[in-house]
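Number of protein chains: 4
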Amino acid sequence: MDAGFTSLKLNGIDGTTTKHIADIAGVSVGSVYEYFSSKEDIYAQMTKLFADEIVKMIQKSLPQIVDLPLGEAVRFLLHRYKDLLEQNNERFLQLLTHQSRFAIDQYVKEAESSLMAFAMTYISKHPELLKVNDLLTNSYVLINAAVFSVIRYLSQPNSMIEFDRVVEVIVQIIEHHIEALTGQPSKT
Amino acid sequence: MDAGFTSLKLNGIDGTTTKHIADIAGVSVGSVYEYFSSKEDIYAQMTKLFADEIVKMIQKSLPQIVDLPLGEAVRFLLHRYKDLLEQNNERFLQLLTHQSRFAIDQYVKEAESSLMAFAMTYISKHPELLKVNDLLTNSYVLINAAVFSVIRYLSQPNSMIEFDRVVEVIVQIIEHHIEALTGQPSKT
Amino acid sequence: MDAGFTSLKLNGIDGTTTKHIADIAGVSVGSVYEYFSSKEDIYAQMTKLFADEIVKMIQKSLPQIVDLPLGEAVRFLLHRYKDLLEQNNERFLQLLTHQSRFAIDQYVKEAESSLMAFAMTYISKHPELLKVNDLLTNSYVLINAAVFSVIRYLSQPNSMIEFDRVVEVIVQIIEHHIEALTGQPSKT
Amino acid sequence: MDAGFTSLKLNGIDGTTTKHIADIAGVSVGSVYEYFSSKEDIYAQMTKLFADEIVKMIQKSLPQIVDLPLGEAVRFLLHRYKDLLEQNNERFLQLLTHQSRFAIDQYVKEAESSLMAFAMTYISKHPELLKVNDLLTNSYVLINAAVFSVIRYLSQPNSMIEFDRVVEVIVQIIEHHIEALTGQPSKT
DNA sequence: CATGAATGAGTATTCATTCAT
DNA sequence: TATGAATGAATACTCATTCAT
Numbered sequence: 022m023d024a025g026f027t028s029l030k031l032n033g034i035d036g037t038t039t040k041h042i043a044d045i046a047g048v049s050v051g052s053v054y055e056y057f058s059s060k061e062d063i064y065a066q067m068t069k070l071f072a073d074e075i076v077k078m079i080q081k082s083l084p085q086i087v088d089l090p091l092g093e094a095v096r097f098l099l100h101r102y103k104d105l106l107e108q109n110n111e112r113f114l115q116l117l118t119h120q121s122r123f124a125i126d127q128y129v130k131e132a133e134s135s136l137m138a139f140a141m142t143y144i145s146k147h148p149e150l151l152k153v154n155d156l157l158t159n160s161y162v163l164i165n166a167a168v169f170s171v172i173r174y175l176s177q178p179n180s181m182i183e184f185d186r187v188v189e190v191i192v193q194i195i196e197h198h199i200e201a202l203t204g205q206p207s208k209t
Numbered sequence: 022m023d024a025g026f027t028s029l030k031l032n033g034i035d036g037t038t039t040k041h042i043a044d045i046a047g048v049s050v051g052s053v054y055e056y057f058s059s060k061e062d063i064y065a066q067m068t069k070l071f072a073d074e075i076v077k078m079i080q081k082s083l084p085q086i087v088d089l090p091l092g093e094a095v096r097f098l099l100h101r102y103k104d105l106l107e108q109n110n111e112r113f114l115q116l117l118t119h120q121s122r123f124a125i126d127q128y129v130k131e132a133e134s135s136l137m138a139f140a141m142t143y144i145s146k147h148p149e150l151l152k153v154n155d156l157l158t159n160s161y162v163l164i165n166a167a168v169f170s171v172i173r174y175l176s177q178p179n180s181m182i183e184f185d186r187v188v189e190v191i192v193q194i195i196e197h198h199i200e201a202l203t204g205q206p207s208k209t
Numbered sequence: 022m023d024a025g026f027t028s029l030k031l032n033g034i035d036g037t038t039t040k041h042i043a044d045i046a047g048v049s050v051g052s053v054y055e056y057f058s059s060k061e062d063i064y065a066q067m068t069k070l071f072a073d074e075i076v077k078m079i080q081k082s083l084p085q086i087v088d089l090p091l092g093e094a095v096r097f098l099l100h101r102y103k104d105l106l107e108q109n110n111e112r113f114l115q116l117l118t119h120q121s122r123f124a125i126d127q128y129v130k131e132a133e134s135s136l137m138a139f140a141m142t143y144i145s146k147h148p149e150l151l152k153v154n155d156l157l158t159n160s161y162v163l164i165n166a167a168v169f170s171v172i173r174y175l176s177q178p179n180s181m182i183e184f185d186r187v188v189e190v191i192v193q194i195i196e197h198h199i200e201a202l203t204g205q206p207s208k209t
Numbered sequence: 022m023d024a025g026f027t028s029l030k031l032n033g034i035d036g037t038t039t040k041h042i043a044d045i046a047g048v049s050v051g052s053v054y055e056y057f058s059s060k061e062d063i064y065a066q067m068t069k070l071f072a073d074e075i076v077k078m079i080q081k082s083l084p085q086i087v088d089l090p091l092g093e094a095v096r097f098l099l100h101r102y103k104d105l106l107e108q109n110n111e112r113f114l115q116l117l118t119h120q121s122r123f124a125i126d127q128y129v130k131e132a133e134s135s136l137m138a139f140a141m142t143y144i145s146k147h148p149e150l151l152k153v154n155d156l157l158t159n160s161y162v163l164i165n166a167a168v169f170s171v172i173r174y175l176s177q178p179n180s181m182i183e184f185d186r187v188v189e190v191i192v193q194i195i196e197h198h199i200e201a202l203t204g205q206p207s208k209t
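Chains as they are written, first to last, in the working numbering: chain A, 22 to 209; chain B, 22 to 209; chain C, 22 to 209; chain D, 22 to 209.
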């Protein structure tokens, strides 16, 4: 699987063959098929690993952030997310770059429901958020806005802009929006 | 090229062969190679067409929106964008879905610089925006947030949420953020 | 298809690859797949050709033999059958040798029903055959006996025995059996 | 070897792998190679077993049939042969069905010479058979006719026809033929 | 100009066989 | 002695590209 990520980085998705993966892993093609039933299966398991890591990350972060003001909670999560995407030679970032080829959606659902669980917990601790009208759409947009801005930045870093600034702007955007909707500062 | 988009929709990216494209176009493979130097070239030109359409759309919208309040301008553009993505059987949406396989980034730059040109013009007409600190990062995040939220919604529509509401939330987010940064309402 | 038969002879069934066939045919593998949808399809068409030839042979023989005494009719058919199996470098004999690998039965049915048609016609012209009790089983056994004896001899010729003698014995066997069953000589 | 026959029945000849055979036998592939030098060897030994069983069957039958009239002797042998082919889940019938894949001929020779030995003994006890001209060809054809008719029937049973009738017809054919050749009834 | 038959390099997958444990 | 993970040669099939007609 390691080799799968490496080959993805090295050869791109179309350039990745089972032979490549085997070579990188230092084993024979035959051996690859001992552990994976097909090339598709390799990709599926890579994707699953990614989803699992996201879920694990969110769950580990949960206790540390439920009591923080929203902005800080978001900041924390986005930094953890960046770490996750970049760890091990950006393996997960590669995955996202080629997402259409992977059955990523299936697993993204898992991550998403994990995020929802976090949202629930968070809201129950910060009941003023319930004042927000149409919480569903607002969450949907804010989450997508945050997640995709980070992915886009990491995939094609812009030398004029720093990552930390991107996160700060996202944090502010969320804070401003929530403040405006609830009529009160989201910071304690 | 029409045939390219059709086959993409019909057969998916991996299922699309030059033969398919030729058949759909009602010509021979040989003829396809009269007009395109390679399969890659077909995709490249499809992508270019998309970028051109975006640029055209922005330029056509420009005069109608430079004088509008920011929120209304954004709302207008996002609806035009949706129309563009969905026109002709969602051909451009298909493109975005498989973006990693197309050299999309290259052309997206064009669209982006067109958007930047719009921003410049808009700011010069709304000088209060100059109060915003780090205008670059703020534009970057807001634009990506808006664009990707729309793409995400259209690619995987969520039956609980309506498109118009998504746009409204995006508009509000931008308004709230700008208001907070400039200290004055973005609506006239 | 010619190449298919040749390769079968040269390399045996397990040694025959699509590459071999293409090489023998003097074309590329790709071309083979222009005309046959799969390796299986090549075999199927070879088998079909065989069945067609048998049917054709029987039909062509029919008028010449319906009025002959049974023994002579059988002798004539068996010689024609031998010619067919041996023509073009024994191509059809090869097929029979590997029959289990081919969907031969399907096509053999055709040949068999053609043979049945012949039997019907023959019997209607020689009504004394109707005296035979259990004509079905008797035909079944006699036909299989004749056909497989010939195939066996041609597949593994026995240097102590001559083909013509084999045919003569078959003819006699049939004559003797029929005579005994109908109580009259089968020769006019 | 049991496992070999079972897998042949279960998976067909092309579906049979060494792994299958090992699994069915409840041992590891490695162990299979302790007892057989190759897959080919497994098949060879299966075939040898078959030939040995035929020889054994004929030898065991010998004393009981040398004194019988030819027809009864044949009837007896064919029924024993059927029993052999069908015993243990038709294992030997499977073998014959895929004969071209096994080096069956080599071993069939053994069975044949055993049959010849029987013929010799039988003839010496029934000297009237010596009147038959070209005894070799006649035996060859009669034996093949009988054997292949039975194999064909068992491989692709015909619901319109019963096995016992097939045997009876074969017996009659032989009787009629011998009677005609020797000028006297083959039954005592 | 258009055609589409021909090409053949490239790829996923299988499986008999080996050999370190 | 038994195991089964590892090997890698072998093979059916695909498809972008070419070029004679």
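We treat Cβ as the ideally placed atom computed from N, Cα and C, and that holds for glycine.
Given the structure is predicted, the values throughout are model-derived calculations rather than measurements.
With C-beta atoms as the reference, is D:Leu89 less than 8 Å away from D:Ile199?
no
Of the residues B:Phe97, B:Val50, B:Lys77, B:Ala24, the one placed nearest B:Gln85, counting alpha carbons only:
The shortest C-alpha to C-alpha distance from B:Gln85 to any of B:Phe97, B:Val50, B:Lys77, B:Ala24 is the one to B:Phe97.
Report yes or no: is there a C-beta of chain D within less than 8 Å of the C-beta of C:Val190?
Cβ-Cβ to chain D under 8 Å: yes for C:Val190.
Does the contact criterion of 3 or more C-beta pairs under 8 Å hold for the segment 181-200 of chain A versus the segment 109-124 of chain A?
no
Below 7 Å on C-beta distance, what does C:Asn165 contact in chain D?
Phe169, Ser170, Arg173
Would you check if there are 3 or more beta carbon pairs closer than 8 Å linking the segment 63-80 of chain C to the segment 105-113 of chain C?
yes
So which residues on chain A does B:Leu157 lean against when the C-beta distance must stay under 8 Å?
Met181, Ile182
Short of 7 Å Cβ to Cβ, which residues in the segment 56-75 of chain C face chain D?
Residues of the segment 56-75 of chain C with a C-beta less than 7 Å from any C-beta of chain D: none at all.
Report the rounded CA-to-CA distance for D:Ser82 versus D:Ser135, giving the unit in angstroms.
12 Å
Inter-residue spacing [alpha-carbon to alpha-carbon] between D:Asp62 and C:His119:
20 Å
Got a sec: is the Cβ-Cβ distance from B:Val95 to anything in chain A below 8 Å?
no
Listed from N- to C-terminal order along the chain, which residues in the segment 94-120 of chain A have their beta-carbon within a distance smaller than 8 Å of any beta-carbon of chain B?
Thr118, His119, Gln120
Between B:Ala132 and chain A, is any beta-carbon pair separated by less than 8 Å?
No, B:Ala132 does not count as interfacial toward chain A.
Euclidean distance between Cα positions of B:Gln127 and B:Leu202
32 Å
Bounding residues of the alpha helix (DSSP H) (the contiguous stretch that carries B:Arg186)
184-203 is the extent of the alpha helix (DSSP H) around B:Arg186.
Output yes or no for whether 8 Å exceeds the beta carbon distance between A:Ile172 and A:Leu116.
A:Ile172 is not a Cβ neighbour of A:Leu116, given a cutoff of 8 Å.
Under 8 Å, do C:Lys60 and C:Val50 count as touching if we go by C-beta distance?
no
Buried or exposed, going by whether 16 or more other CB atoms sit within 10 Å of the CB of B:Leu29?
buried
Please list the partners that D:Gln85 has in chain C, where partner means a Cβ-to-Cβ separation under 9 Å.
Neighbours of D:Gln85 across chain C, judged by C-beta separation under 9 Å, do not exist; the nearest C-beta is about 25 Å away.
Where does D:Asp124 fall in DSSP's three states?
The displayed chain sequence assigns Ala, not Asp, to residue 124 of chain D. DSSP places D:Ala124 in coil when its eight states are reduced to three.
Just to check my reading of the structure: C:Glu149 and C:Gln205 have Cβ atoms closer than 8 Å, yes? What is that Cβ distance to the nearest angstrom?
Your pair C:Glu149 and C:Gln205 checks out as a contact, with CB atoms roughly 6 Å apart and the cut at 8 Å.
A:Ala201: contacting residues in chain B (beta-carbon distance under 7 Å):
The contacting residues are His197.
Say whether chain B places a C-beta atom closer than 8 Å to the C-beta of A:Tyr161.
Using a Cβ-Cβ cut-off of 8 Å, A:Tyr161 counts as an interface residue toward chain B, since at least one Cβ of chain B sits closer than that to its own.
Just the C-alpha distance for C:Asn159 and D:His100, rounded to the nearest angstrom, thanks.
So the two alpha carbons sit approximately 18 Å from each other.
Starting from C:His100, trace the alpha helix (DSSP H) both ways and give me its first and last residue.
Here the alpha helix (DSSP H) through C:His100 covers 91-118.
Simplified DSSP assignment, three categories, for D:Thr38
coil
Restricting to Cα atoms, I'd like to know which of D:Val129, D:Lys146, D:Met22, D:Val95 is closest to D:Ser58.
D:Met22
Amino acids of chain B, ordered along the chain, whose beta-carbon sits closer than 8 Å to that of A:Val53:
What A:Val53 touches in chain B: nothing, since even the nearest Cβ is about 21 Å away.
Could you tell me which chain A residues have their CB closer than 9 Å to the CB of B:Gln127, listed as they occur along the chain?
The contacting residues do not exist; B:Gln127 stays about 11 Å from chain A at best.
B:Val171 (DSSP reduced to helix, strand or coil)
helix
Classify A:Tyr56 as buried or exposed, calling it buried when 16 or more other Cβ atoms lie within 10 Å of its own Cβ.
Counting Cβ neighbours within 10 Å, A:Tyr56 comes out exposed, since fewer than 16 surround it.
Own chain, CB closer than 8 Å to A:Tyr174, minus 5 neighbours either side, in chain order
The residues are Ile182, Phe184, Val187.
Around the Cβ of A:Gly25, are there at least 16 other Cβ atoms within 10 angstroms (buried) or fewer (exposed)?
With 16 or more other Cβ atoms from the protein chains shown falling within 10 Å of its own Cβ, A:Gly25 counts as buried.
Quick one: which unbroken alpha helix (DSSP H) runs of 4-plus residues sit fully inside the segment 27-82 of chain A? Chain order, please.
Those alpha helix (DSSP H) runs which fall completely within the segment 27-82 of chain A and span 4+ residues are 39-46, 50-56.
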